[in-house]
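*Asks:* Sharing a structure, written as structure tokens. Questions coming.
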Amino acid sequence: MDKVNLLGYGATILSSFTFLPQVINTWKTRSTKDFSLATLFIGFFSSLLWLVYGIMLEAFPIILANLIVMSSWLIILLFKLKYT
């Protein structure tokens, strides 16, 4: 594996875990009052655009990272809709 791919996979791993603590905290507390819907939608659609970009480039690290991050945004968004 070359340095560029190694860097991409490292970024993928870190990006994937960015929202995990927040998802767990939201699940435990059942509270999403501090999240605005605008932030959640912007984050979700930002990840969606990065996902499409990664698909167009056939860049697996970008695809994987944004599938995971987009899923995290979606989970928090669904919690927001359910708990408020």
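Just so we're aligned, residue 17 is where the sequence shown starts under our numbering, counting upward by one.
Every residue gets a Cβ at the ideal spot worked out from N, C-alpha and C, and that includes glycine.
#1: In angstroms with no decimal places, state the Cα-to-Cα distance between I58 and S88.
#2: Can you give me the start and stop residues for the alpha helix (DSSP H) that M86 sits inside?
#3: Would Q38 and I84 qualify as a contact pair, given that the criterion is a beta-carbon distance under 8 angstroms?
#4: Under three-state DSSP, which class holds F57?
#5: Please report the straight-line C-alpha distance between R46 and T34, rounded to a whole angstrom.
*Replies:* By the coordinates alone:
#1: Position 42 of the sequence shown, counting from 1, holds the residue named residue 58. Position 72 of the sequence shown, counting from 1, holds the residue named residue 88. Per the coordinates, the alpha-carbon of I58 lies some 13 angstroms from the alpha-carbon of S88.
#2: Here residue 86 refers to the residue found at position 70 of the sequence shown. For M86, the enclosing alpha helix (DSSP H) stretches over residues 76–99.
#3: Counted from its first residue, the sequence shown places residue 38 at position 22. Counted from its first residue, the sequence shown places residue 84 at position 68. Against a cut-off of 8 angstroms, the Cβ pair of I84 and Q38 comes out as no contact.
#4: Along the sequence shown, read from residue 1 onward, the residue named residue 57 stands at position 41. The answer is helix: DSSP assigns F57 an H, G or I state.
#5: Sequence index remark: in the sequence shown, residue 46 carries index 30 (1-based). Sequence index remark: in the sequence shown, residue 34 carries index 18 (1-based). Distance between R46 and T34, taken at the CA atoms: about 19 angstroms.
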